[in-house]
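*Asks:* Protein chains in written order, with our numbering: chain A, 713 to 1007; chain B, 590 to 1012; chain C, 297 to 608. For glycine and all other residues, C-beta sits at the position ideal for the given N, C-alpha and C. These figures come from a predicted structure and were not determined experimentally. Here's a structure for you.
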Amino acid sequence: MKRGKRPIGYTVWLVTLVVSLALATLGNRVYAQDNGGDWDWGAFEAMDDTPVTGKSGSVAPAETKTPAVDAADFARSAENAVPDFSSTPRPAYPIFAGLPSFEVIPSQRDSDMHPCSNCHQWVVSNPEPRELKSPHDNFELEHGLHGKGGFWCFTCHDLKNGSGLKTLEGEAVDFADAYIVCGQCHSRQAYDWANGAHGKRVGDWQGTRQVLSCTACHYQHRPAFDPRKPMSGPEMRVGLPRPEHWVPESQRGHAGPGHTPDWQREAQARQDKGMGEPATAVPTAKQTVKNDEAS
Amino acid sequence: MPESKPTLLRFVLQSLGHMFRGPPAYWVWVGFLFALILLGGWHYYLQLRDGLVVTHMTNQVSWGFYIANFTFLVGVAAAAVMLVVPAYIFHRRDIKDVVLMGDTMAIAAVTMAILFVVVDLGRPDRFWHLIPGIGRFNFPQSMLAWDVIVLNGYLLLNVGISFYIVYNHYQNKEPNERRYFPWVLLAIFWAISIHTVTAFLYSANSGRPFWNHALLAPRFIASAFASGPALMAIGLQIIRAISDYPIRQSVINHLALVATIALQVTLFFMLAELFTEFYNEGEHAASARYLYFGLDGHAALTPWIWTAIALLCIAVVILMIHPLRHNPIYMNIAFVLIIVGVWIEKGMGLIVPAFVPTPIGEIYEYTPSLIEVMVSIGIWALGFLLFTLLAKAALPVHCEYLRRQQAREQCNWDGFERRHNAD
Amino acid sequence: MKRPDKDKSPEQVSDLARRRFIKGLATAAGAAGTVAASGGAWGGSTLSDAFADFFQQHYQRMNKDEIDAVLERIERQAKRRYGVDIDCRNTPPREGVVFGYAINISKCRGYRDCVHACVEENNLAPDTQYIRVVEMDHGSLDLRHGDHYYDHDTVPVEGKYYLPMQCMQCDNPPCVKACPVEATWTEPDGIVVVDYNWCIGCRYCMAACPYQARHFNWTTPDLAPDDINPDTHYLSNRPRPRGVVEKCHFCVQRTRNGRQPACQEACPTGARVFGNLLDPDSEIRYVLKHKAVFRLKEELGTEPKFWYYRDA
């Protein structure tokens, strides 16, 4: 499944670039009003390469904004969850030397924004942590320190070199070698990945190992997998009506006889009585669904 | 009796003649059975046409009513040994006179058992794959392969021995004991083996803890020796009522005694099993819990098994009180209770729970479909018909022989009466 | 007709006379009936093909020519029945390969993508699923309290983990022992397969399997012609007849050609590791060596070639 957007992407990009250049040359700071989110770019919105300037002002209180691409939708759509296997594999980075050799298939996700220097050779970036605006608002940054926002763009990105990524020590890393960046913190996963206990091998089970890069499965800005609807479960035999306990929860009129272990039930009872939630309390399935809806 | 030369052809013709001659009541009975067989045959045709999808079996409960009946009938067949042993080993004359009926019942029961397996097959057209030599027989690994051998072997043994004896009687010759006794001895061990192998068929499955224990085979034998003699005793009394076949009350009493002891042992085994399952109840007891008390709100079999236990307990009480056991009415009530009780306990109560829950924890509550019940009724009718026809052909020959014998050995017979009627 | 991939080495069968006898019967019967019978009754077969079906020998007893004839008949029957040109092959097992599977249960999120990839790849009837994903409570490995039919709005659900199960390809398979006609056996590459043309449908193997991995065709599988995967193998995903048992076979049609099984390919979280247990450099061997692994119901002595592990 190729994304097939690249030609359009380039055209859009070119057009926007020309527009941006023209605007910049005229010194017309249209964007300085800090109302980028109100601009109606229509179809261009997702691909908008509007530069973010240093003067774009203080971090404004969060406005109601609709991200062009919802990160949850992004991970949910099968096309994005399973990346393009046809990408050219690259031999693994030398730090994995000594391990069985393998090839890495880089992620194609967001590749139409790469490399950063496409825009940022013209546009000065704002190193200040702030609410992200178009064109960088197509994701919610939820990475680092358990989603508490400890990361900022320049933890991993480097605009100075053409490749776009850097290690914590500042060494330039190519986008296609993103796993080097990930592996700095997630060394245990990286080691497992290099050896085959983590990550996904594609192609054949034999011959040269071809594995997907980290970012093929984990969206780099929000690496946790999003919950999603499971596909349908087992069926009853042809010609037989489903017994009550075979009917999936969503099709049942009332709560099914789902099993809850005693310790969970006790914890639940204590919670209901207002005795405070014990540390081990795990919500039951029904509750969790409700919580999800609320959040 | 035709006094012409008794050849095999004449024997067969005469037997067929006996089969198709009888009072109106006989024809009503045979016609009734034929009607049931046709009904079962029609439903089996429906099953062949549409596949086993017409049953209520699923991947979860992959064996059901057919295999339940199969298990019960193997027990009935094995129980013929309870007449054979006293007749041939302990030379009890009264039993030797009726042992032929026991063999006939064994033939009918084994035939039914085999038929129940055949209707359970998904591809009965590939039955030839089971024939050693032409097909491919997984012997000795597969317990089912063993079962095929022992069941067919038992059928052949019983047919052979019965035929030899009846044919000799027909020729008015004393059957040569030296010739048939080794086969009788073999048949005795074989009878135990059919039920043991059938029990092993189940207890071999380590993935199903409800079956996978050493007590299964002993329990099988015990309950078979309760239900088989009960069925035989009722059959013999019916034959005695409608023919002049001399069946002594001592034979019935002997069968009642065997059933009593076997039933006591059966109940003891059940108790032992219940204790082991439930004293420290683990996941292995899930099937037993489903059967006896219901599991997670599913309890389709619970009323059945408690009915069976109640029936067996009433029966054992009746049989243990001597005045009641010697009362024909109470005795026969006890026999019927045993037959129904063991049929439930060993059929649906033994086969289905092993699949509920499945080894990976699913619960599917199985009840047989109409087609399964109809096909089963057809097979039972076929068994009854087979027994009726065989008995109808053998009885006149045997009666004639006994009459001559009796005249010759009047004193022996009287002596026997004195010795055994005190039982 | 040259079929280079159907090069199963012919097994020498001593009693040729028996085969000649059966073959003679089959030809006689086949000559008698060239009239096409109705599709339903004969499973999309002509009378002669139905007779050939009936007299077909056990897979392991056929020589190359006989197997080629069978493969062509299977393709013919599929064409007649579904109107689809399938390619039924007989790729032999590879030397020095024994397949094994490992699943990272801390990665599985219960999406059931593998289940449906398997259904599509293996031409399964719509009511059959080789893979079962069980929703389990944290802190318990008690299958009975798992939920097989979960259907939440989103998975994973808090407090639960997901345990995918399929045929474990036991090294000591109780099902193979149980089969009275040797219709199921272990191939040299460790895969337990079924000869669908030999199985008599007694379902004893289903009673014997401790993993509920075997599935019966209660009626003729109802396949949509558009959904049929034409890339098939005699021992795996060819269209099955009614009344026989089938099971997961690690996608013989793929894995013997070097590809990964469909479930591995479909897994969006990379929880599935498939490979050659005899290759010390394979990922699966790495997992077995470096991870805390367990196997289901190992205490039954089944020696499953299917492991579970956790990130730790």
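Helix, strand or coil for residue 834 of chain A per DSSP?
*Replies:* The count along the first sequence starts at 1 and reaches residue 834 of chain A at position 122. Looking at residue 834 of chain A - three-state DSSP - the assignment turns out to be coil, as it is neither helix nor strand.
*Asks:* Within 8 Å of any Cβ in chain A, is that where the Cβ of residue 514 of chain C sits?
*Replies:* In the third sequence, counting from the first residue as 1, residue 514 of chain C sits at position 218. Yes, contact with chain A.
*Asks:* From the DSSP secondary-structure annotation, give me the bridge partner or partners of residue 432 of chain C.
*Replies:* Position 136 of the third sequence, counted from the first residue, corresponds to residue 432 of chain C. According to DSSP, which records beta bridges pairwise, residue 432 of chain C is partnered with C:457.
*Asks:* From what residue to what residue does the alpha helix (DSSP H) around residue 893 of chain B run?
*Replies:* The residue given as residue 893 of chain B occupies position 304 in the second sequence. Residues 891-909.
*Asks:* Applying the 10 Å Cβ sphere with the 16-neighbour rule, what's the burial state of residue 605 of chain C?
*Replies:* Looking up residue 605 of chain C in the third sequence gives position 309. The residue is buried, with at least 16 neighbouring Cβ atoms inside 10 Å.
*Asks:* Can you confirm whether residue 382 of chain C, when its beta carbon is compared against all beta carbons of chain B, has any partner nearer than 8 Å?
*Replies:* To locate residue 382 of chain C, count along the third sequence from 1; it is residue 86. No, its Cβ sits nowhere closer than 8 Å to a Cβ of chain B.
*Asks:* Shorter than 8 Å from the beta carbon of residue 895 of chain A to some beta carbon of chain C?
*Replies:* For the purposes of this step, residue 895 of chain A is taken as the residue at position 183 of the first sequence. It does not; no Cβ of chain C falls within 8 Å.
*Asks:* I need the straight-line Cα distance from residue 607 of chain B to residue 985 of chain B, nearest angstrom please.
*Replies:* Within the second sequence, the letter at position 18 stands for residue 607 of chain B. Within the second sequence, the letter at position 396 stands for residue 985 of chain B. Taking the straight line from one Cα to the other gives about 8 Å.
*Asks:* Against chain B, which members of the segment 949-960 of chain A pass a CB distance test of less than 8 Å?
*Replies:* Result list: 949, 950, 951, 952, 955, 957 and 958.
*Asks:* Under the three-state reduction of DSSP, which class applies to residue 992 of chain B: helix, strand or coil?
*Replies:* The residue given as residue 992 of chain B occupies position 403 in the second sequence. Residue 992 of chain B falls in the helix class under three-state DSSP.
*Asks:* Hey, could you find the ends of the alpha helix (DSSP H) residue 357 of chain C is sitting in?
*Replies:* For this step, residue 357 of chain C is matched to residue 61 along the third sequence. First-last for residue 357 of chain C: undefined, no H or E at that position.
*Asks:* Distance, Cα to Cα, residue 924 of chain A vs residue 570 of chain C?
*Replies:* As a working note, residue 924 of chain A is residue 212 in the first sequence. As a working note, residue 570 of chain C is residue 274 in the third sequence. For residue 924 of chain A and residue 570 of chain C, the distance between alpha carbons rounds to 15 Å.
*Asks:* Would you mind telling me which residues of chain C sit closer than 7 Å to residue 652 of chain B, beta carbon to beta carbon, in chain order?
*Replies:* Residue mapping note: residue 652 of chain B aligns to position 63 of the second sequence, counting from 1. Near residue 652 of chain B (Cβ distances below 7 Å), the residues of chain C are 499 and 503.
*Asks:* Please confirm if residue 941 of chain B has its CB atom under 8 Å from at least one CB of chain A.
*Replies:* Here residue 941 of chain B refers to the residue found at position 352 when the second sequence is read from its first residue. By this cut-off, residue 941 of chain B is not an interface position.
*Asks:* On the premise that residue 921 of chain A lies in contact with residue 841 of chain A, defined as a C-beta separation below 8 Å, what is that separation, rounded to the nearest angstrom?
*Replies:* Counting from one through the first sequence, the residue named residue 841 of chain A turns up at place 129. Counting from one through the first sequence, the residue named residue 921 of chain A turns up at place 209. Not quite, the Cβ-Cβ distance comes to about 39 Å (not below 8 Å), so this is no contact.
*Asks:* Under 8 Å: do the segment 643-650 of chain B and the segment 942-958 of chain B share three or more Cβ pairs, one atom per stretch?
*Replies:* Enough Cβ pairs lie closer than 8 Å, so yes.
*Asks:* Compare the Cα-Cα distances from residue 597 of chain C to each of C:341, C:424, C:512 and C:468 and report the closest residue.
*Replies:* By 1-based counting over the third sequence, the position of residue 597 of chain C is 301. Checking every option, the nearest Cα to that of residue 597 of chain C belongs to C:468.
*Asks:* Once you ignore the five residues that flank residue 475 of chain C on each side, which residues in its own chain have a CB closer than 6 Å to its CB?
*Replies:* Counting from one through the third sequence, the residue named residue 475 of chain C turns up at place 179. Result list for residue 475 of chain C: 501, in chain order.
*Asks:* Check whether the Cβ atoms of residue 488 of chain C and residue 479 of chain C sit closer than 8 Å, and answer yes or no.
*Replies:* Here residue 488 of chain C is taken as the residue at index 192 of the third sequence, counted from 1. Here residue 479 of chain C is taken as the residue at index 183 of the third sequence, counted from 1. No.
*Asks:* Checking the sheet assignment: what are the DSSP bridge partners for residue 723 of chain A?
*Replies:* As a position in the first sequence, residue 723 of chain A is number 11, starting the count at 1. Its beta-bridge partners do not exist; DSSP assigns none.
*Asks:* Please report the residue range of the alpha helix (DSSP H) in which residue 745 of chain B lies.
*Replies:* Numbered from 1 along the second sequence, position 156 holds the residue referred to as residue 745 of chain B. Taken as a continuous stretch (DSSP letters only), the alpha helix (DSSP H) holding residue 745 of chain B covers 732-759.
*Asks:* DSSP puts residue 543 of chain C in a beta bridge; with which residues?
*Replies:* Along the third sequence, read from residue 1 onward, the residue named residue 543 of chain C stands at position 247. DSSP lists C:510 as partners of residue 543 of chain C.
*Asks:* Answer yes if the segment 628-646 of chain B comes into contact with the segment 662-672 of chain B, meaning at least three C-beta pairs across the two stretches below 8 Å, and no otherwise.
*Replies:* The answer is no - the segment 628-646 of chain B does not touch the segment 662-672 of chain B, with fewer than three Cβ pairs under 8 Å.
*Asks:* What's the C-alpha gap between residue 959 of chain B and residue 660 of chain B?
*Replies:* To locate residue 959 of chain B, count along the second sequence from 1; it is residue 370. To locate residue 660 of chain B, count along the second sequence from 1; it is residue 71. The alpha-carbon atoms of residue 959 of chain B and residue 660 of chain B are separated by roughly 20 Å.
*Asks:* Identify the residues that DSSP records as bridge partners of residue 398 of chain C: which are they?
*Replies:* Within the third sequence, the letter at position 102 stands for residue 398 of chain C. C:569 and C:603, per the DSSP bridge assignment.
*Asks:* Where residue 363 of chain C and residue 355 of chain C are concerned, what is the direct C-alpha to C-alpha distance, given to the nearest angstrom?
*Replies:* Within the third sequence, residue 363 of chain C is the residue found at index 67, counting from 1. Within the third sequence, residue 355 of chain C is the residue found at index 59, counting from 1. If I take the Cα positions, the gap works out to 8 Å.
*Asks:* Please list, in chain order, the chain A residues whose beta carbon lies closer than 8 Å to that of residue 259 of chain C.
*Replies:* With chain C represented from 297 up to 608, any question about residue 259 of chain C goes unanswered, as that position is not in the structure.
*Asks:* Under a CB-based cut-off of 8 Å, is residue 962 of chain B close to chain A?
*Replies:* Position 373 of the second sequence, counting from 1, holds the residue named residue 962 of chain B. It does not: the Cβ of residue 962 of chain B has no partner Cβ on chain A nearer than 8 Å.
*Asks:* Hey, does residue 530 of chain C have any beta-carbon neighbour from chain B nearer than 8 Å?
*Replies:* As a first step, residue 530 of chain C must be located in the third sequence, where it is residue number 234. Chain B contact via Cβ: absent.
*Asks:* Which of the three DSSP states is assigned to residue 917 of chain A in this structure?
*Replies:* For the purposes of this step, residue 917 of chain A is taken as residue 205 along the first sequence, with counting starting at 1. Residue state, collapsed to three classes: coil.
*Asks:* Under 8 Å between the Cβ atoms of residue 725 of chain B and residue 477 of chain C?
*Replies:* Taking the first residue of the second sequence as 1, we reach residue 725 of chain B at position 136. Taking the first residue of the third sequence as 1, we reach residue 477 of chain C at position 181. Yes, the pair counts as a contact, with Cβ atoms nearer than the cut-off.
*Asks:* With DSSP run on the structure shown, which of helix, strand or coil describes residue 864 of chain A?
*Replies:* Position 152 of the first sequence, counted from the start, is the residue given in the question as residue 864 of chain A. Correct three-state label for residue 864 of chain A: coil.
*Asks:* With 9 Å as the C-beta to C-beta threshold (strictly closer), list the residues of the segment 781-797 of chain B near chain C in chain order.
*Replies:* Per Cβ criterion, the list reads 790, 791, 793, 794, 795, 796 and 797.
*Asks:* Under the three-state reduction of DSSP, which class applies to residue 528 of chain C: helix, strand or coil?
*Replies:* Stepping through the third sequence from its first residue, residue 528 of chain C is reached at position 232. Reduced to three states, the DSSP call for residue 528 of chain C is strand.
*Asks:* Evaluate residue 936 of chain B with the Cβ neighbour count: other Cβ atoms within 10 Å of its Cβ, from every protein chain shown; 16 or more gives buried, anything less gives exposed.
*Replies:* For this step, residue 936 of chain B is matched to residue 347 along the second sequence. Looking at its Cβ environment, which holds 16 or more other Cβ atoms inside 10 Å, residue 936 of chain B is buried.
*Asks:* Is the CB of residue 486 of chain C under 8 Å away from at least one CB in chain E?
*Replies:* No chain E is present in this structure, whose protein chains are A, B and C.
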